[in-house]
Each structure stands twice: as C-alpha cells, then as structure tokens.
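Novice:
Number of protein chains: 2
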Amino acid sequence: MSGFRYDLLQQDSSSQARRGRISTQRGEIDTPTFMPVGTQGTVKGMLPEALKEIGAQIVLANTYHLYLRPGQKLIQQLGGLHQFMHWDRPILTDSGGFQVFSLGELRKITEEGAAFQSHLDGSKHLLTPELSVEIQLALGADIVMAFDECIPHPAERGYIVDSTNRSTRWAQRCRKVLPESSESALFGIVQGGMELDLRRQSSEQLREIGFEGYALGGLSVGEETSLMYDMMEYSLPLLPVGRPRYVMGVGTPENLLEGVVRGCDMFDCVMPTRNARNGVLFTSFGKVSIKRAQYRDDEQPLDPDCQCYVCRNYSRAYLRHLYTSKEILASVLNTHHNLYYYQQLMAEIRQALENGNFTEFRKDFYKKRESLVS
Amino acid sequence: MSGFRYDLLQQDSSSQARRGRISTQRGEIDTPTFMPVGTQGTVKGMLPEALKEIGAQIVLANTYHLYLRPGQKLIQQLGGLHQFMHWDRPILTDSGGFQVFSLGELRKITEEGAAFQSHLDGSKHLLTPELSVEIQLALGADIVMAFDECIPHPAERGYIVDSTNRSTRWAQRCRKVLPESSESALFGIVQGGMELDLRRQSSEQLREIGFEGYALGGLSVGEETSLMYDMMEYSLPLLPVGRPRYVMGVGTPENLLEGVVRGCDMFDCVMPTRNARNGVLFTSFGKVSIKRAQYRDDEQPLDPDCQCYVCRNYSRAYLRHLYTSKEILASVLNTHHNLYYYQQLMAEIRQALENGNFTEFRKDFYKKRESLVS
Chain A
0 MSGFRYDLLQ
10 QDSSSQARRG
20 RISTQRGEID
30 TPTFMPVGTQ
40 GTVKGMLPEA
50 LKEIGAQIVL
60 ANTYHLYLRP
70 GQKLIQQLGG
80 LHQFMHWDRP
90 ILTDSGGFQV
100 FSLGELRKIT
110 EEGAAFQSHL
120 DGSKHLLTPE
130 LSVEIQLALG
140 ADIVMAFDEC
150 IPHPAERGYI
160 VDSTNRSTRW
170 AQRCRKVLPE
180 SSESALFGIV
190 QGGMELDLRR
200 QSSEQLREIG
210 FEGYALGGLS
220 VGEETSLMYD
230 MMEYSLPLLP
240 VGRPRYVMGV
250 GTPENLLEGV
260 VRGCDMFDCV
270 MPTRNARNGV
280 LFTSFGKVSI
290 KRAQYRDDEQ
300 PLDPDCQCYV
310 CRNYSRAYLR
320 HLYTSKEILA
330 SVLNTHHNLY
340 YYQQLMAEIR
350 QALENGNFTE
360 FRKDFYKKRE
370 SLVS
Chain B
0 MSGFRYDLLQ
10 QDSSSQARRG
20 RISTQRGEID
30 TPTFMPVGTQ
40 GTVKGMLPEA
50 LKEIGAQIVL
60 ANTYHLYLRP
70 GQKLIQQLGG
80 LHQFMHWDRP
90 ILTDSGGFQV
100 FSLGELRKIT
110 EEGAAFQSHL
120 DGSKHLLTPE
130 LSVEIQLALG
140 ADIVMAFDEC
150 IPHPAERGYI
160 VDSTNRSTRW
170 AQRCRKVLPE
180 SSESALFGIV
190 QGGMELDLRR
200 QSSEQLREIG
210 FEGYALGGLS
220 VGEETSLMYD
230 MMEYSLPLLP
240 VGRPRYVMGV
250 GTPENLLEGV
260 VRGCDMFDCV
270 MPTRNARNGV
280 LFTSFGKVSI
290 KRAQYRDDEQ
300 PLDPDCQCYV
310 CRNYSRAYLR
320 HLYTSKEILA
330 SVLNTHHNLY
340 YYQQLMAEIR
350 QALENGNFTE
360 FRKDFYKKRE
370 SLVS
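Protein chains in written order, with numbering that gives the first Met the number 0: chain A, 0 to 373; chain B, 0 to 373.
1. List, in chain order, every chain A residue whose beta-carbon is nearer than 7 Å to that of leucine 105 of chain B.
2. Pull up the distance between the alpha-carbon of histidine 81 of chain A and that of glutamine 116 of chain A, whole angstroms please.
3. Got a sec: is the Cβ-Cβ distance from valine 58 of chain A to anything in chain B below 9 Å?
4. Taking contact to mean 3 or more Cβ pairs, one atom from each stretch, closer than 8 Å, check whether the region 229 to 244 of chain B and the region 260 to 270 of chain B are in contact.
5. Quick check on the burial criterion: 16 or more other C-beta atoms within 10 angstroms. Buried or exposed for asparagine 277 of chain B?
6. Find out if the Cβ-Cβ distance for the pair arginine 198 of chain A, methionine 247 of chain A is shorter than 9 Å.
7. If distances are taken between C-alpha atoms only, which option among A/Lys325, A/His85, A/Arg18 comes closest to asparagine 354 of chain A?
8. Quick one: using the 10 Å Cβ neighbour count with 16 as the cut-off for buried, is threonine 109 of chain B buried or exposed?
9. Quick check: what's the CA-CA separation for glutamate 52 of chain A versus glutamate 48 of chain B?
10. Per DSSP, what kind of secondary structure is glutamate 223 of chain A in: helix, strand or coil?
11. Using the DSSP secondary-structure output, state which residues sit across from arginine 242 of chain B in a beta bridge.
12. Asparagine 356 of chain A CB to nearest chain B CB: under 9 Å?
13. With H, G and I counted as helix, E and B as strand and the rest as coil, what does DSSP make of threonine 127 of chain A?
14. Under 7 Å Cβ-Cβ, which residues of chain B neighbour threonine 41 of chain A?
15. Is the number of C-beta pairs between the region 202 to 212 of chain A and the region 181 to 189 of chain A that are closer than 8 Å three or more?
16. Which same chain residues end up closer than 6 Å to leucine 332 of chain A when comparing Cβ atoms and leaving out the 5 residues on each side of it in sequence?
17. With phenylalanine 97 of chain B as the anchor, note down where its alpha helix (DSSP H) starts and where it stops.
18. Can you grab the Cα-Cα spacing for the pair aspartate 120 of chain B / histidine 335 of chain A, in whole Å?
19. Flag this pair as yes or no: are the beta carbons of valine 132 of chain B and tryptophan 86 of chain B separated by less than 9 Å?
20. In angstroms, rounded to a whole number, what distance separates the CA positions of leucine 221 of chain B and alanine 55 of chain B?
21. Taking just the CA atoms, how far does glycine 157 of chain B sit from leucine 77 of chain B?
22. Report buried or exposed for tyrosine 365 of chain A, applying the criterion of at least 16 other Cβ atoms within 10 angstroms of its Cβ.
23. If contact means a Cβ-Cβ distance below 7 Å, which residues of the region 90 to 102 of chain A contact chain B?
24. Classify lysine 51 of chain A as helix, strand or coil using the three-state DSSP reduction.
25. Quickly, what does DSSP pair threonine 282 of chain B with across the bridge? List them, please.
26. Of all the CB atoms in chain B, is at least one closer than 9 Å to the CB of tyrosine 313 of chain A?
27. Residues of chain B with a CB under 8 Å from the CB of valine 331 of chain A: which are they?
28. For the region 295 to 314 of chain B, which residues have a beta carbon sitting closer than 8 Å to at least one beta carbon of chain A?
29. Using a Cβ cut-off of 9 Å (strictly closer), state whether phenylalanine 3 of chain A contacts chain B.
30. Quick check: the Cα distance between serine 180 of chain B and valine 36 of chain B, rounded to an integer number of angstroms?
31. For methionine 193 of chain B, which of helix, strand or coil comes out of DSSP?
32. What residues of chain A sit near arginine 68 of chain B, judged by a beta carbon separation below 9 Å?
33. Just the chain B side, please: which residues come within less than 7 Å of glutamine 388 of chain A by C-beta, in chain order?
34. Starting from threonine 30 of chain A, follow its DSSP beta bridges and name the residues at the other end.
35. Measuring only the C-alpha atoms, how far is asparagine 337 of chain B from leucine 280 of chain B?
36. Nearest chain B C-beta to histidine 85 of chain A closer than 9 Å, yes or no?
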C-alpha cells in the first residue's frame with residue numbers, strides 16, 4: 000500500500016484524544032477530521048472550491064448511490080470520481096453496505112453478499128465484498144471501506160454474533176482483493192452491536208487481518224447517546240495506536256467532541272448538510288431554526304462569533320427570507336455555514352490538542368452553550 | 000436626479016445598434032447590457048460573487064414579490080435591498096405591474112391602481128403608481144420603473160387605447176412622486192399594444208413628461224417574433240437618443256441580438272435562469288437539453304468554446320448526472336453557465352460595436368448556429 004500513512008503527532012495527557020495526520024497521494028488530512036458527505040458525487044449545494052475554502056481535506060462518497068447512478072464504470076471511463084466531481088483532494092467511499100441494509104424488505108443477506116432491489120428502478124443486484132471493493136476502486140477512492148453489515152439496534156445476541164462473524168469473513172475477502180500493496184487504503188469496520196465481548200472479538204479479528212485504518216460501524220443507529228459513548232470508550236482503545244480510527248455516521252457537534260475524547264480521528268455525517276437544507280443551523284450557542292418568526296427582522300449575522308462567508312455577509316433576516324421563499328441560495332448558504340461550523344470545530348479541537356488545553360476547551364464548549372441557552 | 004447618466008459612446012453606422020454607458024452612484028453599466036433576474040432578492044442559485052465573476056453589472060428585482068415577502072419596510076429597515084442581498088452594484092426594480100396583471104381573476108384595475116389578492120395568502124392589496132414608487136424607493140432601487148399595465152396580446156383596440164392612456168397618466172403620477180432631482184432614476188414604459196400609432200402616441204406623451212430612461216413594455220407576450228421585432232424597429236427610434244432604452248422581458252440570445260440591432264440598450268429575462276433549472280443550456284451552437292441520453296458518457300465540456308467556470312471544470316456527463324439526480328449543484332452550475340453565456344454575448348456585442356464589425360458579428364452568430372445544428 001503506497002502513499003498512505005498515519006502519523007500520531009500528539010497524545011492528549013488526560014484523555015484518549017489524539018492529534019494526528021493522514022498522508023495520501025492526494026494530500027494530507029489533519030486529524031481529528033470531519034468528512035462532508037457527497038452522496039451522489041457532490042456535497043449537496045457546495046462547490047468544490049467552497050469546500051476547500053472552509054478547510055475540508057477529504058469528502059465521503061456513497062458507493063451504493065454511485066453504483067446505481069451513473070455507474071462506477073462510467074465514472075472510471077471519465078477519469079474517476081475526483082475528475083468527475085472536480086475534487087482533487089482525498090475521497091473516502093463507504094462500502095454500500097449501510098445503504099443496502101437500510102432497504103429493509105428490498106434486500107436479502109447471504110454468505111455471498113447482499114441481494115437487493117434498486118430504490119430507483121427496482122432492478123435486482125447482488126452486492127458482494129468483492130464487487131464493493133471493485134466499485135470503490137473504479138471510483139478511484141483513496142480510502143476504501145470493507146463491506147460489512149450495519150447491525151440494527153436493538154438486535155438479538157444470536158443475530159449479532161452471526162452478523163459480526165460474517166462481516167469479519169467479508170472483511171477478509173475485501174483484504175484479499177485489495178492487498179496492502181494497493182494504491183488505495185482499506186479500512187476494516189468493527190461490528191458487534193452493543194455487546195462488549197463481540198466488539199472486542201471483532202476488533203481482534205480485524206487487527207489480525209490487518210488494515211490501514213479501522214472504523215466503528217453500527218453506532219448512531221438509534222441507541223442512547225450514553226450507550227454510544229460507552230461503546231466508543233470501550234472499543235476505540237482496542238484498535239492499533241498507529242492507525243486512524245473512524246466512527247462512522249456520527250454525528251452532532253457534541254458527539255464529535257465526545258468521540259475525540261475517546262480516541263476517534265475521523266467522522267462523517269449528513270447532519271450538517273441535511274439540517275442546513277431544513278433550515279437548522281449550528282452555532283457556538285447551539286442550534287438555530289432559521290424559519291422562526293423571531294429572526295424576521297434580525298439584522299445580526301447568524302452567529303456573531305463565526306467568521307464564515309455567510310456570517311460575514313448576510314443577516315439572519317435574509318437567511319430566513321431565503322428559507323421561507325424556498326430559494327436555492329437558502330440551501331447553499333445554510334450548507335456553507337454548517338459545514339464551516341463543523342470544520343472550524345475540528346480545527347479548534349486540533350489546536351487545543353496542540354496547545355495542550357483540550358480539557359479546558361471541552362469545558363468551555365459546553366459552558367458557552369449552557370450560558371447562552373439559559 | 001443625481002448620479003445617473005447615459006453616455007452614447009458609439010453609434011453603429013449600418014444599424015440602430017449603440018454602444019453606451021450608464022453611470023449610477025453604485026457603478027457603471029456598459030450597454031447593451033443584460034440584467035439577470037433576482038425575483039425574490041436573489042438570482043436563483045447564484046452568489047453575488049459569482050454574478051460579479053461573470054460580469055453582471057446590474058440585476059433586476061421584483062417589486063411585487065418583495066412587497067409581499069418579506070416586505071419593503073423590513074428591507075428598508077435592514078439597510079435596503081443591496082445590503083439585504085449582499086449586492087453593491089446597481090439594481091433595477093420593476094413596478095410590480097407585470098406580476099399583478101398576470102394574476103388574472105385575482106386582480107381588478109381602476110384609475111386609482113390595481114387591486115389584487117396575494118398569490119401567497121390571498122390577502123387583499125391595492126397597488127397604485129404612488130405605492131409602486133414608494134416600494135421601489137424603500138428597496139433602494141437605482142432605477143425605478145413607472146407603474147404601467149402590460150397589455151396582453153391579442154387585445155381589442157379600444158382596450159389598448161384606454162389602457163395605454165391610463166398607463167400614461169400613471170407614469171405622470173410616478174414622475175410626480177419621484178421628480179428628476181431624486182437619487183433614483185425613473186424610467187417610463189411605452190405601451191400601445193401592437194398598434195403603431197398608439198406606440199407613437201405613448202412614446203411622445205412619455206417624452207413630454209420626461210424620464211431618465213425609456214422602456215418598451217408589452218412585448219414578448221405571445222406575439223410572433225417577427226411582430227415583436229417590427230414593434231422594436233418602429234418604437235425604439237421614437238425614443239430620445241440621449242437616454243437608455245430598455246426592452247422588458249426579452250428574451251432569447253437571438254432576441255437580444257435583434258433588439259440591439261434595432262437600438263435597444265437594456266434587456267432582462269428569466270430565460271437563462273429558468274431554463275438552467277430545467278436543464279436547458281445555451282451554447283455557441285444552440286440550445287442543449289442536458290438530460291438527453293447522448294450526454295451520459297460525454298466527457299466534453301458543455302460548450303468547448305466557453306470559458307466559464309462550469310465549462311472549464313465539468314463534463315457534460317457530470318452535468319447530466321447532477322440534473323438527473325436532482326442535485327442542487329445542477330441548478331447552481333447550469334445557472335452559472337447560462338448567465339455567463341448571456342453576459343458573454345453582450346460583451347461580444349459591445350466589442351463588435353467598438354470594433355465597428357457588428358454586422359459581421361451578427362452574420363457569424365447565425366452562421367455558427369446553422370452549421371452546427373445541421
């Protein structure tokens with residue numbers, strides 16, 4: 000595996016938090032990092048230049064969606080996903096598993112893989128570990144995720160055991176078609192539901208196979224937040240210190256901070272982008288629903304403490320007007336702000352880790368919200 | 000009237016075409032010019048910075064829409080429309096008449112003005128010439144349009160006579176509340192349907208009142224294109240040489256070129272922006288419907304001759320993918336390209352006028368389309 004490396008730059012003295020750096024052929028990623036989600040080969044409403052402006056160093060793209068439309072072969076033929084979407088920094092692709100397993104009735108799992116029907120046209124497909132890797136490589140992903148099953152919560156222990164073991168066998172098959180010598184990095188995904196011993200077993204088996212990075216899957220699937228934190232706290236230290244750790248599909252700003260405290264390096268979530276399109280905006284003093292009547296004539300920037308393009312140039316009243324008028328720019332500006340907020344939060348976390356005042360930073364983060372909410 | 004001026008820089012020797020410049024307190028506008036339409040205080044999908052990047056020197060905003068939502072008083076209180084929408088170049092506002100008269104059953108015309116019901120909530124309003132000017136001034140328009148009735152086509156001569164005379168009286172009332180000494184310029188609008196003598200009468204009466212610029216209204220309302228051209232050809236020379244001339248709501252690239260030939264300086268139309276959102280794109284070789292299957296794997300830029308941000312960075316295949324996937328970026332990129340195309344066309348027209356080869360330019364324009372369509 001060439002070009003991919005993780006350097007642990009600093010280990011926080013009073014928590015599991017780590018400041019690190021991932022190097023890839025397409026550039027570096029400072030960790031802890033947040034990856035904006037570009038499901039269909041575009042981060043909804045964001046030009047690639049805007050993503051760079053707010054400091055995004057990597058984006059996530061969805062294998063399931065791009066496989067169905069426009070198809071990985073087409074993208075490969077056009078020079079790969081980077082060229083297709085005009086993004087020259089690293090791309091991580093998920094394995095397609097999460098989307099397939101979300102289809103419910105429309106899919107069936109066997110040892111071979113997951114048979115499913117397209118949500119677009121009902122056409123039948125069989126997604127296997129081998130095909131998942133093939134698709135991700137055709138897209139040109141810098142980081143490929145192993146094909147796994149995201150176990151729902153709650154689930155019977157028997158099912159969790161079987162599914163976790165199958166995911167491990169699938170991870171092995173992914174490793175086989177994407178050996179360490181490949182240009183793209185391969186990440187294994189720890190499953191095990193909410194069962195500590197199965198999480199441990201999954202971690203150990205994946206470590207034995209050996210991956211360039213490790214993710215925690217099956218979190219943020221409806222469990223209590225405290226349980227999610229417990230799972231992170233227990234599982235993350237089971238992973239190798241010298242590899243990046245990624246908690247998939249998480250989460251709120253608070254979740255990110257708590258993930259970092261517990262040793263996580265990478266996050267992705269549709270929350271900042273999806274919330275933006277629904278007019279829910281993240282600020283230093285908590286969430287704001289911009290459609291509320293109180294913002295009708297509010298000339299203040301959304302977050303007076305924020306330095307983003309939106310907060311420097313527009314009022315809450317204008318953002319409310321765009322949202323209530325269903326204007327395209329509502330999604331564009333709201334997404335820009337929310338992603339900036341997430342990138343800025345991660346930048347501040349990294350800075351605090353470098354300065355050795357991460358514990359203080361975390362306290363202040365919560366204090367600011369409490370004082371302003373009350 | 001302070002700060003507003005029109006300079007005729009060059010008169011084409013073999014047509015009515017003119018190269019000119021409008022000066023306002025908020026900057027200059029090189030004519031002939033095309034004004035992107037920002038109906039609700041935003042040109043749909045375009046950041047103000049992008050509008051500047053493509054060379055837009057003025058935008059149009061709609062009085063009717065902004066009056067109903069969020070309201071001109073709110074915008075005034077927040078510093079005016081320029082600050083509200085983060086656009087510091089000139090803004091022209093229409094009078095609201097066109098939208099009100101489009102409401103059909105929901106409006107009633109009297110000498111006083113037009114009574115109508117809001118398309119948003121059914122609330123009742125009376126838009127008068129005085130209120131229209133008041134709204135436009137509250138918005139902070141650099142160019143205010145007189146309140147008039149846009150006569151449908153076809154219409155009875157008797158109705159056209161009455162309506163045109165009423166529009167003249169309304170124009171007089173607008174002038175009264177917005178005298179020449181005002182900071183904002185006021186444009187009169189020539190009506191008269193498709194009746195030459197009434198167009199002449201309207202022009203003469205408006206000239207007598209005296210305005211900083213003159214527009215042709217009531218065109219592009221369903222009449223044959225050749226009839227529209229005839230009306231321009233007859234009516235534009237009736238207007239004072241030393242004032243800008245504006246044909247409202249026109250049109251296609253061909254219409255713009257033919258308007259310039261006949262002496263028009265200003266245009267506005269929703270066509271480039273609305274078509275963009277429907278996947279219909281303007282190119283040097285004619286219109287392209289980007290959803291067509293032939294573009295599925297087409298790696299070429301939309302228009303290989305175009306230097307816009309979209310054509311420099313994306314393929315037809317990607318634009319098709321965004322459009323078929325209903326992505327926000329489809330509207331953003333398509334709008335960017337179409338508005339660039341319009342701005343570029345006007346820039347080339349101005350250049351040809353400066354170079355004295357406008358007749359050749361016009362021939363080439365049509366030749367290129369014919370050769371590539373066949």
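Even for Gly, the Cβ is constructed at its ideal location relative to N, Cα and C.
Specialist: With the given structure in hand:
1. Result: empty, since nearest Cβ-Cβ is about 20 Å, beyond 7 Å.
2. Whole-angstrom Cα-Cα distance: 28 Å.
3. By the rule that beta-carbons nearer than 9 Å mark a contact, valine 58 of chain A does not touch chain B.
4. Contact between the region 229 to 244 of chain B and the region 260 to 270 of chain B is present: three or more C-beta pairs spanning the two stretches fall below 8 Å.
5. Exposed, because fewer than 16 other Cβ atoms sit within 10 Å of the Cβ of asparagine 277 of chain B.
6. When the beta-carbon positions are compared, arginine 198 of chain A and methionine 247 of chain A stay at least 9 Å from each other.
7. Nearest C-alpha to asparagine 354 of chain A: A/Arg18.
8. It is exposed - the Cβ of threonine 109 of chain B has fewer than 16 other Cβ atoms within 10 Å.
9. In this structure, the CA atom of glutamate 52 of chain A is about 14 Å from the CA atom of glutamate 48 of chain B.
10. Glutamate 223 of chain A: coil per DSSP, three-state reduction.
11. Answer is none; arginine 242 of chain B lacks a bridge partner.
12. No, asparagine 356 of chain A does not count as interfacial toward chain B.
13. In this structure, threonine 127 of chain A counts as coil in the three-state DSSP scheme.
14. Against chain B, a Cβ distance below 7 Å from threonine 41 of chain A picks out Leu321, Glu326, Leu328.
15. In this structure the region 202 to 212 of chain A lies against the region 181 to 189 of chain A, because at least three pairs of beta carbons, one per stretch, are closer than 8 Å.
16. Excluding sequence positions up to five before and after leucine 332 of chain A, its CB lies within less than 6 Å of the CB of Val309, all in the same chain and listed in chain order.
17. Element bounds for phenylalanine 97 of chain B: 96 to 101.
18. Their backbone Cα atoms lie some 31 Å apart in a straight line.
19. Their beta carbons are not under 9 Å apart, which means valine 132 of chain B does not touch tryptophan 86 of chain B by this criterion.
20. Rather than leucine, the amino acid found at residue 221 of chain B in this sequence is glycine. When rounded, the distance between both Cα atoms is 28 Å.
21. Looking at the two C-alpha atoms, the distance is approximately 45 Å.
22. Classification of tyrosine 365 of chain A: exposed, given that the 10 Å Cβ count is below 16.
23. If the cut-off is 7 Å between Cβ atoms, the region 90 to 102 of chain A has nothing near chain B.
24. In this structure, lysine 51 of chain A counts as helix in the three-state DSSP scheme.
25. Answer by DSSP bridge pairing, in chain order: B/Gly285.
26. It does: the Cβ of tyrosine 313 of chain A has a partner Cβ on chain B nearer than 9 Å.
27. Here the neighbours are Gly44, Leu46, Ile327, Val331.
28. Against chain A - using a Cβ distance shorter than 8 Å - the residues of the region 295 to 314 of chain B are Arg295, Asp296, Glu298, Asn312, Tyr313, Ser314.
29. Taking 9 Å as the threshold, the shortest C-beta distance from phenylalanine 3 of chain A to chain B does not fall below it.
30. Approximately 27 Å between the Cα atoms of the pair.
31. The answer is coil: DSSP assigns methionine 193 of chain B none of H, G, I, E or B.
32. Within chain A, the residues near arginine 68 of chain B are His320, Thr323, Ser324.
33. Summary: the structure shown does not reach residue 388 of chain A, with chain A confined to residues 0 through 373, and so no result is reported for it.
34. Paired residue(s): A/Gly19.
35. So the alpha carbons of these two residues sit roughly 6 Å apart.
36. Closer than 9 Å to some Cβ of chain B, the Cβ of histidine 85 of chain A qualifies, so yes.
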